[in-house]
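There are 2 protein chains.
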Amino acid sequence: MPRKRPDKSDDDASLRIGDVAGLVGTTPRTIRYYEEVGLLAEGAARPAGRHRLYTHAEVERLREVIRLKELLGLTLEELKELLAAEEARAEVRAQLQREDVAPGHRRELLLQAGGHIDRQLELVRKRAGELAKLQAELCDTRKRVRRRIRELDAHRDATFPPAQTLEGAGER
Amino acid sequence: MPRKRPDKSDDDASLRIGDVAGLVGTTPRTIRYYEEVGLLAEGAARPAGRHRLYTHAEVERLREVIRLKELLGLTLEELKELLAAEEARAEVRAQLQREDVAPGHRRELLLQAGGHIDRQLELVRKRAGELAKLQAELCDTRKRVRRRIRELDAHRDATFPPAQTLEGAGER
DNA sequence: TCTGATGTTTACGTTCACGTAAGATTTGGA
DNA sequence: TCCAAATCTTACGTGAACGTAAACATCAGA
Numbered sequence: 142m143p144r145k146r147p148d149k150s151d152d153d154a155s156l157r158i159g160d161v162a163g164l165v166g167t168t169p170r171t172i173r174y175y176e177e178v179g180l181l182a183e184g185a186a187r188p189a190g191r192h193r194l195y196t197h198a199e200v201e202r203l204r205e206v207i208r209l210k211e212l213l214g215l216t217l218e219e220l221k222e223l224l225a226a227e228e229a230r231a232e233v234r235a236q237l238q239r240e241d242v243a244p245g246h247r248r249e250l251l252l253q254a255g256g257h258i259d260r261q262l263e264l265v266r267k268r269a270g271e272l273a274k275l276q277a278e279l280c281d282t283r284k285r286v287r288r289r290i291r292e293l294d295a296h297r298d299a300t301f302p303p304a305q306t307l308e309g310a311g312e313r
Numbered sequence: 142m143p144r145k146r147p148d149k150s151d152d153d154a155s156l157r158i159g160d161v162a163g164l165v166g167t168t169p170r171t172i173r174y175y176e177e178v179g180l181l182a183e184g185a186a187r188p189a190g191r192h193r194l195y196t197h198a199e200v201e202r203l204r205e206v207i208r209l210k211e212l213l214g215l216t217l218e219e220l221k222e223l224l225a226a227e228e229a230r231a232e233v234r235a236q237l238q239r240e241d242v243a244p245g246h247r248r249e250l251l252l253q254a255g256g257h258i259d260r261q262l263e264l265v266r267k268r269a270g271e272l273a274k275l276q277a278e279l280c281d282t283r284k285r286v287r288r289r290i291r292e293l294d295a296h297r298d299a300t301f302p303p304a305q306t307l308e309g310a311g312e313r
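Chains as they are written, first to last, in the numbering used here: chain E, 142 to 313; chain G, 142 to 313.
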């Protein structure tokens, strides 16, 4: 017979806000704030004053939110837009779980989901591209510096006995 | 005989703060602020009250600063640290231009420059890596969604006459 | 030389993304 | 049942990164 009251290690059940904060490396205040601005859904039926409770799924969601924020450098407002998409995807997944949707509507939902992912991908790709370019440029100038050092060493080695060389660091 | 007063299109000479702002896509206020916090060097000898003047080299520098800020998501303070490095590199370049340095010191300078670049590269690589991972994950789930749509279409095509298909979008 | 556009300094205002404090309430456990 | 620890709500505080306004001063061109 199943348990009736909340329990740790039970997945669908209940982490408190402090636990969640600890798990994702932030503070309760931040989590409440994210809820306040609409980034995180307010647990619908929480009779005002009661403690917030979270599932592990919600923890994962929060992790993803924070990741996107940090990697893309978006404001919470921009993030919210992107998450409206995520939100919709979740909705889609929920609907798709229940097999009782007409194939036409089903297709519609999947197309939407795809669109949302594409929009995120667009952003990520753009940033990744810019970073890659920067990285390439840095690698390039580093190479130049190394070459100059080698040239210098070569000339000195030809004049004086050899000394210590470059400290190791692969080209990767 | 060379010109004596400032002139546009003369490289070593003088852009005003508004021009610079326009060129890099920011505001005069921001530029003054960056100078105030020490990100941009104050033009040494500007007798207080006179207009700031910038060279094209400084414009490039500012562009780079803004680029790093946006791509790495650093605070101005963190950025300042990284730029102490850049600063040193500039110093190095200046010294290396004047041929009158002992090869030993020369090597020292080059090694320093290399170290600074490596530190920047470290940061950039880390971020680029994380972004790449995120991108891969997104691509993956997108693939899954596409597959499901295809499956759905296949089934429907087997039942009804064919209709419109996926709108084009290469896998890249 | 004069003048309108652009700058300069100083200082207070603003937005974002939380931090912090206070007082009441809730919760899980002894 | 009783209690200490964690939460809740409300509200004001804060640091970073500029925006904006005011009262001059400079600059480039006519």
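Just so you know, even glycine gets a beta-carbon here, dropped at the ideal spot from N, CA and C. Given the structure is predicted, the values throughout are model-derived calculations rather than measurements.
Own chain, CB closer than 7 Å to residue 176(G), minus 5 neighbours either side, in chain order: 183
Give the DSSP bridge partners of residue 174(E), in chain order. None, per the DSSP bridge assignment.
Using a Cβ-Cβ distance cut-off of 8 Å, determine whether residue 171(E) contacts chain G. no
Check whether the Cβ of residue 286(E) lies closer than 8 Å to any Cβ atom in chain G. yes
Residue 290(E) versus residue 257(G) - alpha carbon distance: 15 Å
Buried or exposed for residue 234(G), going by 16 or more other Cβ atoms inside 10 Å? exposed
Quickly, what does DSSP pair residue 156(G) with across the bridge? List them, please. 195(G)
8 Å Cβ cutoff, residue 298(E) in contact with chain G: no
Please identify, using Cβ separations under 9 Å, the residues of the region 263-276 of chain G that lie next to chain E, in order along the chain. 265, 266, 268, 269, 271, 272, 273, 275 and 276
Mapping DSSP to helix, strand and coil, what is residue 239(E)? coil
Taking 8 Å as the cut-off, decide whether the C-beta atoms of residue 217(G) and residue 209(G) are in contact. no
Could you name the residues of the region 246-260 of chain E whose beta carbon sits closer than 9 Å to any beta carbon of chain G, in the order they occur along the chain? 247, 248, 251, 252, 254, 255, 258 and 259
For residue 276(E) and residue 262(G), believed in contact at Cβ under 8 Å, the rounded distance: 7 Å
Who are the Cβ neighbours of residue 180(E) in its own chain at under 8 Å, not counting the five residues just before and after it? 206, 217, 220, 221 and 224
Using CA coordinates, which residue listed in 239(E), 245(E) and 251(E) is at the minimum distance from residue 227(E)? 251(E)
Contact list for residue 166(G) against chain E, beta-carbon separation under 8 Å: What residue 166(G) touches in chain E: nothing, since even the nearest Cβ is about 15 Å away.
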